[in-house]
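Remarks on the structure that follows.
In the working numbering, the protein residues as written are 236 to 358.
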């Protein structure tokens, strides 16, 4: 299960990205994108985040994940398309010479923190 490793890396990245004045307890949400090619089970990632966030003192944090579909660009004709099946063929010209444009990787987009417990969250 590589989701546990991915979750730990995500939490490590959040902890390392916090400003010096921010306590981990003030993290409200963590917003990330997951490419569909990464074969990450998003439900497992969210469950593991909830299990592991206490170790980082981020008990109040919620993980918000957006899935990024796979898009490819044809190297022959330049056509850009989103694919839903693992078939890397250009639907315009039939070429199998394509470049993956989106849908790979896990990206930490932003962290929402609350400056003080009495204030509203800020980015």
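Backbone N, C-alpha and C define an ideal beta-carbon position, used for all residues, glycine too.
None of the values given here were measured: they were computed from a predicted structure.
Residue 298 in three-state terms, based on DSSP: strand
Cβ contact (3+ pairs, closer than 8 Å) linking the segment 257-265 and the segment 315-335: no
Residue 312 classed as buried or exposed, judged by whether at least 16 other C-beta atoms fall within 10 angstroms: exposed
Beta-carbon gap between residue 330 and residue 296 smaller than 8 Å: no
Cβ separation of residue 250 and residue 344, assumed to be a contact under 8 Å, to the nearest whole Å: Between residue 344 and residue 250 the Cβ distance is about 16 Å, and since that is not below 8 Å, they are no contact.
Beta-carbon proximity of residue 302 to residue 271, cut-off 8 Å: yes
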